[in-house]
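Chemist:
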Amino acid sequence: MKSPSPAKPVEHRIVAAPIAAPQSTFLGASSFFGIDFVTPTSVSKHFASGLPLRQLEHSSEDNALVYEIVCPEKHITRRFYVALAAQAAKAIAEMPLLRPIEWRGQQDLLNIRTVNKGSPSNAAVIYTRGSESSTPCSRCQRGLGPFVRCITAQGPRGEVVGFGACSSCIWSAQPHLCTLRDDREYLASKNETHRARSLSLKKAPKPTRVPSKSSTRSFPTLKAFMKEIAPYQDDPKVIRAARDAVRGALTTLNKCLATLEAASRKDLAEDELSSDGWNEFR
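Okay, so the sequence shown: first residue is 1 according to UniProt numbering, each after it adds one.
1) Using DSSP with H/G/I as helix, E/B as strand and the rest coil, what is Ala83?
2) With DSSP run on the structure shown, which of helix, strand or coil describes Thr179?
3) Give me the Cβ distance between Cys150 and Ser133, rounded to the nearest whole Å; I'm assuming they're in contact under 8 Å.
4) Judging by CA-CA distance, which residue of Ala89, Ala64, Thr77, Arg240 is the nearest neighbour of Gly162?
5) For Phe80, which option in Ile69, Thr179, Tyr232, Ala224 has the closest C-alpha, if you only look at C-alpha atoms?
6) Spatial neighbours of Ser138 within its chain, please: CB distance less than 7 Å, with the 5 preceding and 5 following residues excluded, ordered by chain position.
7) For Gly130, I'd like the list of residues in its chain whose CB is within less than 6 Å of its CB, leaving aside the five on either flank, ordered along the chain.
8) So which of Leu110, Ala93, Asn116 has the shortest CA-CA distance to His127?
9) Is it buried or exposed, Ala165, if we count other Cβ atoms within 10 angstroms and call 16 or more buried?
10) What does the alpha-carbon distance come out to for the pair Asp62 and Pro52?
11) Can you tell me whether His176 is buried or exposed? The criterion is at least 16 other CB atoms within 10 Å of its CB, across all chains shown.
12) How about Asn122 and Ala86: are their beta carbons less than 8 Å apart?
13) Do you know whose CA, among Arg243, Gln55, Gly248, lies nearest Val115's CA?
14) Give me, in chain order, the residues of the same chain whose beta-carbon lies closer than 6 Å to that of Arg113; leave out the 5 immediate sequence neighbours on both sides.
15) Decide if Cys256 is buried, meaning its Cβ has at least 16 other Cβ atoms within 10 Å, or exposed.
16) Taking the alpha carbon of Ala241 as the point to measure from, which residue in Ala224, Arg181, Ser264, Ala230 has its own alpha carbon closest?
17) Count the other CB atoms, across all protein chains shown, that sit within 10 Å of the CB of Pro100; report buried if there are 16 or more and exposed otherwise.
18) Return the CA-CA distance between Gly105 and Asn111, expressed in angstroms with no decimal places.
19) Let me confirm a value: residue 316 is counted as buried when at least 16 other C-beta atoms fall within 10 Å, else exposed. Which label applies?
20) Would you mind reading off the limits of the beta strand (DSSP E) that contains Val66?
21) What does the alpha-carbon distance come out to for the pair residue 284 and Gln174?
22) Would you list the one or two residues that DSSP bridges to Glu132?
23) Figure out for me which residue from Ala258, Val66, Cys169 has the closest Cα to the Cα of Ala124.
24) To the nearest angstrom, how far is the alpha carbon of Pro96 from that of Ala64?
Here it is, written out as structure tokens:
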């Protein structure tokens with residue numbers, strides 16, 4: 001009597017299907033293939049780190065669809081959704097997909113990052129829907145940031161994230177260091193425009209406590225900002241961008257100082273104080 005033959009091991013394969021590009025705007029839609037799941041052993045040789053899990057379900061209207069290249073040699077991409085919080089990023093997400101996320105590599109290996117909510121998600125939407133800059137920002141020229149290209153994006157009504165900084169600088173939460181940033185910031189609201197609010201001026205309640213010395217000492221964030229700028233002291237573009245950012249902060253600080261000095265003068269009428277200084281900080 002013959003003994004039963006051992007069961008053959010189950011072979012797990014990836015079934016790839018052509019990506020259905022939204023409105024035929026996805027760059028290279030005919031040559032890229034999309035998958036929702038990648039086994040660690042199938043394409044792990046292409047990664048400098050592990051392959052992070054992705055959100056595959058479109059659970060809310062605040063999620064945006066993106067693609068990422070997971071196997072350049074076989075032109076395989078993976079689709080997933082990122083959760084957005086910024087109104088400007090949601091507006092940019094309305095734009096058509098133009099390209100997949102192209103992760104920067106390390107020694108011919110992809111360094112695929114975890115895309116958390118916040119700056120990384122905003123950066124992913126900007127990269128997949130924006131325009132490539134003909135002259136990359138100084139940080140992208142140095143090879144900093146997670147993406148291959150230097151991409152900026154505007155929403156349908158001119159909305160920008162991080163003053164129009166590129167996706168790599170936004171990913172790193174350093175839009176102030178991007179030499180492509182603008183001096184203006186537009187965040188889309190539900191009404192698509194910013195409407196002036198009519199505020200009823202009321203007598204402000206007295207503070208319940210006196211501010212502590214630790215809360216009134218010089219701002220430690222300014223020192224941290226200068227330490228962050230120090231390595232780029234020989235780059236005029238970065239220095240100019242940092243100078244403009246400090247000028248904007250100084251304008252706000254001067255307004256704060258003027259309002260507080262006015263409030264410290266007992267001879268100033270209360271209604272004049274409310275209408276002159278405090279409205280801007282309400």
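Even for Gly, the Cβ is constructed at its ideal location relative to N, Cα and C.
Modeler: Based on what the coordinates show:
1) The answer is strand: DSSP assigns Ala83 an E or B state.
2) Thr179 carries a coil assignment under DSSP once its states are collapsed to helix, strand and coil.
3) Between Ser133 and Cys150 the Cβ distance is about 5 Å, and since that is below 8 Å, they are a contact.
4) Among Ala89, Ala64, Thr77, Arg240, the Cα nearest to that of Gly162 is on Ala89.
5) For the set Ile69, Thr179, Tyr232, Ala224, the Cα lying nearest the Cα of Phe80 is the one of Ile69.
6) Closer than 7 Å at the Cβ level, and outside the excluded window around Ser138, lie Thr179, Asp235, Lys237, Val238.
7) Excluding residues within five positions, the ones whose Cβ falls inside 6 Å are Ile151, Thr152, Ala153.
8) Looking at the sequence itself, residue 127 is Tyr, so the reference to His does not match. Per the Cα distances, Ala93.
9) It counts as buried.
10) Near 21 Å, if we compare the C-alpha coordinates of Pro52 and Asp62.
11) Counting Cβ neighbours within 10 Å, His176 comes out buried, since at least 16 surround it.
12) Their beta carbons are under 8 Å apart, which means Asn122 touches Ala86 by this criterion.
13) For the residues Arg243, Gln55, Gly248, the minimum Cα distance to Val115 belongs to Gln55.
14) Excluding sequence neighbours, Arg113 sits near Pro146.
15) The residue is exposed, with fewer than 16 neighbouring Cβ atoms inside 10 Å.
16) Ranked by Cα distance from Ala241, the first of Ala224, Arg181, Ser264, Ala230 is Arg181.
17) Classification for Pro100: buried.
18) As the crow flies, the alpha-carbon of Gly105 is around 5 Å from that of Asn111.
19) Absent from the model: residue 316. The displayed extent of the chain is 1 to 282, so no value can be given.
20) Note, Val66: beta strand (DSSP E), 63 to 71.
21) This structure cannot settle anything about residue 284, because the visible part of the chain is limited to 1 through 282.
22) Answer is Ile151, bridged to Glu132.
23) When each option's Cα is compared against that of Ala124, the closest is Val66.
24) Rounded to the nearest angstrom, the gap between the Cα atoms of Pro96 and Ala64 is 11 Å.
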